[in-house]
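Numbering (the numbering used here), first residue to last: 2 to 302.
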């Protein structure tokens with residue numbers, strides 16, 4: 002796996018919108034925020050569009066935007082503008098040799114999970130499960146520092162902000178490459194050539210705003226697909242607004258225990274990466290050590 006060059010003041014950040022549309026009127030605020038942090042900004046064509054209401058632009062434009070940013074020698078790294086939906090539609094349109102031969106840092110989460118899995122799998126590129134450029138005017142200190150430290154390979158141990166608790170689901174230790182992302186996108190890839198490969202790896206999972214029964218269905222899908230059998234361990238991230246709707250529903254932690262405990266794989270819950278603020282940036286494709294008994298996750302360099 003290729004760990005891309007890090008970021009420094011004066012670098013140019015390329016911004017793409019592989020998923021949903023964004024209000025072009027706010028792009029100036031994003032540019033100003035990143036300029037204030039010391040970076041130059043280059044927006045891709047997809048950042049200015051809207052197509053069929055829920056896509057930033059046509060599939061061909063979004064795919065080409067990504068390729069062009071990797072090919073552009075003036076761009077040092079790439080941030081995604083926002084999530085939503087759209088990355089599964091462009092996975093077959095991207096030339097992964099372009100990504101592999103022009104490695105750069107690539108940052109995003111949520112719907113960007115589709116690209117994380119594809120880039121890890123077909124371009125051997127370490128990618129970063131981190132904040133979107135669209136929220137840059139509101140980045141807090143913890144979130145920004147976590148992002149920069151991850152991009153520059155200056156982090157070893159990943160700890161929650163504000164003493165937020167991490168919970169042990171299954172005790173034990175393991176080592177393996179960290180992969181994953183949003184549960185809905187991981188589930189959507191099963192049965193395709195972009196299906197996540199969890200063999201001997203640590204699987205990271207997060208989601209937002211899902212009903213408990215929907216989370217149950219997707220976790221069960223991963224279970225039936227052998228993903229929990231294959232993996233070395235499991236890290237559950239933030240599950241913002243995934244609350245039970247009825248008194249007798251599972252609580253989220255209770256559901257996770259119900260779905261994964263039988264596999265006896267080291268597992269923790271509530272690492273603050275996902276749809277949360279502050280947010281931890283996680284490099285995907287690197288080797289980690291998970292100690293679920295001690296509730297720690299460390300990058301092995």
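Where a beta carbon is used, it is the ideal one built from N, C-alpha and C, also for glycine. Source: prediction; values computed, not measured.
Close-in-space but distant-in-sequence residues of the same chain around residue i (CB under 6 Å, 5 per side omitted)
| i | result |
| --- | --- |
| residue 250 | 213 |
| residue 108 | 80, 129, 131 |
| residue 206 | 181, 184, 237 |
| residue 175 | 233, 234, 267, 291 |
Alpha-carbon to alpha-carbon, residue j and residue i
| i | j | result |
| --- | --- | --- |
| residue 69 | residue 42 | 15 Å |
| residue 10 | residue 143 | 18 Å |
| residue 17 | residue 183 | 19 Å |
| residue 110 | residue 145 | 15 Å |
| residue 294 | residue 7 | 32 Å |
| residue 178 | residue 127 | 10 Å |
| residue 171 | residue 153 | 32 Å |
| residue 2 | residue 22 | 31 Å |
| residue 270 | residue 261 | 11 Å |
Three-state secondary structure (DSSP) of residue i
| i | result |
| --- | --- |
| residue 30 | helix |
| residue 13 | strand |
| residue 199 | coil |
| residue 117 | helix |
| residue 8 | coil |
| residue 211 | coil |
| residue 156 | coil |
| residue 281 | coil |
| residue 80 | strand |
| residue 289 | strand |
| residue 263 | helix |
| residue 192 | coil |
| residue 301 | coil |
| residue 256 | helix |
| residue 44 | strand |
| residue 67 | helix |
Close Cβ partners of residue i (< 7 Å) along its chain, the five nearest in sequence each way excluded
| i | result |
| --- | --- |
| residue 52 | 58, 59 |
| residue 231 | 199, 200 |
| residue 245 | 213, 251, 252 |
| residue 135 | 23, 31, 82, 83 |
Cβ-heavy atom distance, residue i to the ligand PLP, below 8 Å
| i | result |
| --- | --- |
| residue 143 | In the structure on display, the ligand PLP does not appear, and there are no ligands present to speak of. |
C-beta contact flag for residue i and residue j at 9 Å
| i | j | result |
| --- | --- | --- |
| residue 119 | residue 92 | yes |
Sequence-distant residues of the same chain with beta carbon closer than 8 Å to residue i, five excluded per side
| i | result |
| --- | --- |
| residue 33 | 138 |
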